[in-house]
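Enquirer:
2 protein chains.
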Amino acid sequence: MQKIDDKIRVKRVPKRGIYDKKSIYQILDKEFMCTIAFIHAGIPVIIPTLYGRHENDLYLHGSTASRMMKTLKEGIELSLNVTIVNGLVLARSAFHHSANYESVVLFGKAIWIEDQEEKIQALKYVSDHIIKGRWEEARQPNDKELKATMLLKIPIEEASAKVRTGGPSDDKADYDLDIWAGLIPFKRTIEAPIPDEVLRAGIEVPDSVKNYS
Amino acid sequence: MQKIDDKIRVKRVPKRGIYDKKSIYQILDKEFMCTIAFIHAGIPVIIPTLYGRHENDLYLHGSTASRMMKTLKEGIELSLNVTIVNGLVLARSAFHHSANYESVVLFGKAIWIEDQEEKIQALKYVSDHIIKGRWEEARQPNDKELKATMLLKIPIEEASAKVRTGGPSDDKADYDLDIWAGLIPFKRTIEAPIPDEVLRAGIEVPDSVKNYS
Numbered sequence: 132m133q134k135i136d137d138k139i140r141v142k143r144v145p146k147r148g149i150y151d152k153k154s155i156y157q158i159l160d161k162e163f164m165c166t167i168a169f170i171h172a173g174i175p176v177i178i179p180t181l182y183g184r185h186e187n188d189l190y191l192h193g194s195t196a197s198r199m200m201k202t203l204k205e206g207i208e209l210s211l212n213v214t215i216v217n218g219l220v221l222a223r224s225a226f227h228h229s230a231n232y233e234s235v236v237l238f239g240k241a242i243w244i245e246d247q248e249e250k251i252q253a254l255k256y257v258s259d260h261i262i263k264g265r266w267e268e269a270r271q272p273n274d275k276e277l278k279a280t281m282l283l284k285i286p287i288e289e290a291s292a293k294v295r296t297g298g299p300s301d302d303k304a305d306y307d308l309d310i311w312a313g314l315i316p317f318k319r320t321i322e323a324p325i326p327d328e329v330l331r332a333g334i335e336v337p338d339s340v341k342n343y344s
Numbered sequence: 132m133q134k135i136d137d138k139i140r141v142k143r144v145p146k147r148g149i150y151d152k153k154s155i156y157q158i159l160d161k162e163f164m165c166t167i168a169f170i171h172a173g174i175p176v177i178i179p180t181l182y183g184r185h186e187n188d189l190y191l192h193g194s195t196a197s198r199m200m201k202t203l204k205e206g207i208e209l210s211l212n213v214t215i216v217n218g219l220v221l222a223r224s225a226f227h228h229s230a231n232y233e234s235v236v237l238f239g240k241a242i243w244i245e246d247q248e249e250k251i252q253a254l255k256y257v258s259d260h261i262i263k264g265r266w267e268e269a270r271q272p273n274d275k276e277l278k279a280t281m282l283l284k285i286p287i288e289e290a291s292a293k294v295r296t297g298g299p300s301d302d303k304a305d306y307d308l309d310i311w312a313g314l315i316p317f318k319r320t321i322e323a324p325i326p327d328e329v330l331r332a333g334i335e336v337p338d339s340v341k342n343y344s
């Protein structure tokens with residue numbers, strides 16, 4: 132169990148704060164899109180980007196021309212968030228309306244991966260995280276592509292999760308009101324895959340897509 | 132048309148950059164969860180939070196005890212992001228894999244709303260944005276609740292959107308490969324509402340929930 136320092140301690144509704152790595156990994160593994168904040172020219176900048184998790188590290192990939200990648204590779208402080216919204220919580224009072232969600236916030240610094248083999252391994256981690264098995268099916272990156280791609284590793288050191296589940300919680304007196312209360316659950320559903328318009332005839336939907344969930 | 136300054140100009144894949152307000156509003160209106168970045172004690176902090184849009188302003192609400200609200204009400208620089216992921220783009224090459232998404236990044240400063248009537252109006256904007264019609268159904272905030280709630284307004288001044296749609300785009304030579312390529316579309320679906328376990332008998336599902344989309 133890591134030390135919970137002031138930076139990551141969940142401040143609002145602290146009972147919703149979670150600090151164990153297993154719970155944090157579970158949330159990180161449900162998503163592949165995060166937002167990253169960093170300071171550039173004195174102002175906070177926020178950018179959404181794809182990520183992959185492997186063990187206790189997150190991996191980012193991007194163009195070597197990307198402002199975010201060029202800034203983060205210097206090892207400056209960053210903050211990263213993953214949020215999954217699971218529903219709307221409708222209470223009897225406007226005040227107690229809420230959302231059900233799972234969210235991770237982490238603070239850290241990126242480490243620039245320069246070694247060619249490590250870069251390929253990191254790319255595979257990102258690919259496996261997003262869609263398992265696709266890496267093996269796709270045409271592997273060539274030298275030119277690898278040269279144009281930057282890989283960053285962010286160790287998960289200072290992280291916390293915040294989760295809200297369940298139905299509404301109203302003030303005692305409000306339970307007598309004639310107001311409907313409950314939950315509207317959301318789900319992200321996967322629709323049928325759409326083959327590329329110019330896909331060559333006879334190529335079947337691969338396992339990575341068939342097994343995607 | 133606003134001036135596109137360097138801060139908001141989409142730098143990577145600039146053809147995906149969108150700067151007209153109508154397109155930006157359309158994306159903001161599809162979501163209600165954003166992430167906000169600000170600088171606190173010298174480090175970038177990122178926090179997910181609910182928002183509402185009315186005309187050219189975004190509204191945030193939160194507890195007066197919230198660190199984020201207390202920090203933002205001082206009018207410091209902030210960056211805000213809304214991202215909607217619409218699918219995975221599977222190319223023949225690992226390098227050209229991508230995601231379809233709609234994303235808005237804005238820079239600005241929050242204005243603290245202190246007037247009681249303006250606060251109530253701002254709360255209604257947030258409520259209407261998240262679930263139209265619910266505000267009128269719910270028990271309105273009392274003085275104690277209003278006192279515990281902080282409202283912030285963020286004018287949408289420096290904003291840009293970035294959107295990717297459509298199928299994969301591969302290198303010419305790769306179209307001859309025997310590799311499946313295409314799209315896995317995602318959708319956020321709304322499931323059947325779940326009434327509160329202790330809901331009084333005879334209270335029907337209200338219009339706000341019936342009409343929710």
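Chains A and B are the protein sequences, given in the same order. For what it's worth, our numbering labels the leading residue of the first sequence as 132, then goes sequentially. For what it's worth, our numbering labels the leading residue of the second sequence as 132, then goes sequentially. For every residue, glycine included, the Cβ atom is placed at its ideal position computed from N, Cα and C. The structure displayed is predicted, hence computed values, not measured ones.
Using a Cβ-Cβ distance cut-off of 9 Å, determine whether HIS347 (chain B) contacts chain A.
Expert: A question about residue 347 (chain B) goes unanswered here, because the residues of chain B that appear run from 132 up to 344.
Enquirer: Hey, would you say LEU314 (chain A) sits closer than 9 Å to ILE261 (chain B), going by beta carbons?
Expert: Cβ atoms of LEU314 (chain A) and ILE261 (chain B): not closer than 9 Å.
Enquirer: Going by CA-CA distance only, name the one from B:ILE167, B:VAL336, B:LEU203 and B:LYS146 that's closest to ALA323 (chain B).
Expert: Measuring from the Cα of ALA323 (chain B), the nearest candidate turns out to be B:VAL336.
Enquirer: Can you find a C-beta in chain A that's less than 9 Å from the C-beta of THR202 (chain B)?
Expert: No, its Cβ sits nowhere closer than 9 Å to a Cβ of chain A.
Enquirer: Please classify ASP151 (chain A): is it buried, with 16 or more other beta-carbons within 10 angstroms of its beta-carbon, or exposed?
Expert: With fewer than 16 other Cβ atoms within 10 Å, it is exposed.
Enquirer: Taking only beta-carbon atoms, is PRO337 (chain A) less than 9 Å away from chain B?
Expert: Yes, because at least one Cβ of chain B sits closer than 9 Å to the Cβ of PRO337 (chain A).
Enquirer: Under a CB-based cut-off of 9 Å, is ALA241 (chain B) close to chain A?
Expert: No, ALA241 (chain B) lies away from the interface with chain A (no Cβ there is under 9 Å from its Cβ).
Enquirer: Can you grab the Cα-Cα spacing for the pair PHE238 (chain B) / ASP301 (chain B), in whole Å?
Expert: Their Cα atoms are separated by approximately 34 Å.
Enquirer: Could you pull out every residue in the same chain whose Cβ sits closer than 6 Å to the Cβ of VAL257 (chain A), ignoring the five residues on either side in sequence?
Expert: Cβ neighbours of VAL257 (chain A) beyond the five flanking positions: GLY183, TYR190 and HIS192.
Enquirer: Near TYR86 (chain A), which residues of its chain fall below 7 Å by C-beta distance, leaving aside the five closest residues on each side in sequence?
Expert: What the structure shows of chain A is the stretch from 132 to 344, and residue 86 (chain A) is not part of that stretch, so it cannot be assessed.
Enquirer: I'd like to know if VAL294 (chain A) contacts chain B, where contact means its C-beta is closer than 9 Å to some C-beta of that chain.
Expert: With 9 Å as the cut-off, VAL294 (chain A) does not count as an interface residue toward chain B.
Enquirer: When you compare the segment 196 to 207 of chain A with the segment 146 to 166 of chain A, are there three or more beta-carbon pairs, one atom per stretch, that lie closer than 8 Å?
Expert: Too few Cβ pairs lie closer than 8 Å, so no.
Enquirer: If we ignore side chains and look at the alpha-carbon of each, how far apart do ALA241 (chain A) and ALA279 (chain A) end up?
Expert: Whole-angstrom Cα-Cα distance: 18 Å.
Enquirer: Does GLY173 (chain B) have its Cβ less than 9 Å from a Cβ in chain A?
Expert: With 9 Å as the cut-off, GLY173 (chain B) counts as an interface residue toward chain A.
Enquirer: Tell me the DSSP secondary structure of GLN133 (chain B) in three-state form.
Expert: Note that GLN133 (chain B) scores a pLDDT of 43, beneath 50, so its modelled location is shaky and nothing firm can be said.
Enquirer: Does the distance from the C-beta atom of ARG140 (chain B) to that of SER234 (chain B) stay below 9 Å?
Expert: No.
Enquirer: Looking at C-beta atoms only, is the number of pairs between the segment 204 to 211 of chain A and the segment 152 to 161 of chain A that lie closer than 8 Å three or more?
Expert: Because the criterion of three Cβ pairs below 8 Å is not met, the segment 204 to 211 of chain A and the segment 152 to 161 of chain A do not touch.
Enquirer: In terms of DSSP beta bridges, what is LYS293 (chain A) paired with?
Expert: A:GLY148 and A:SER234, per the DSSP bridge assignment.
Enquirer: Whole angstroms are fine: how far does the CA of TRP311 (chain B) sit from the CA of SER339 (chain A)?
Expert: Approximately 10 Å between the Cα atoms of the pair.
Enquirer: Grab me the residues of GLY206 (chain A)'s own chain with a C-beta within less than 6 Å of its C-beta, minus the 5 sequence neighbours each way, in chain order.
Expert: If we look at GLY206 (chain A) and ignore the five residues flanking it on each side, its Cβ neighbours are LYS240.
Enquirer: Below 8 Å on the Cβ atoms is my contact criterion, and I expect ILE87 (chain A) with ILE170 (chain B) to pass it. Report the Cβ-Cβ distance as a whole number of Å.
Expert: Given a span of 132 to 344 for chain A in the structure shown, any question on residue 87 (chain A) remains unanswerable.
Enquirer: Do you know how far the Cα of ALA304 (chain B) is from the Cα of ILE285 (chain B)?
Expert: The straight-line gap from Cα to Cα measures roughly 48 Å.
Enquirer: If you run the structure through DSSP and keep just helix, strand and coil, what is TRP311 (chain A)?
Expert: Residue state, collapsed to three classes: coil.
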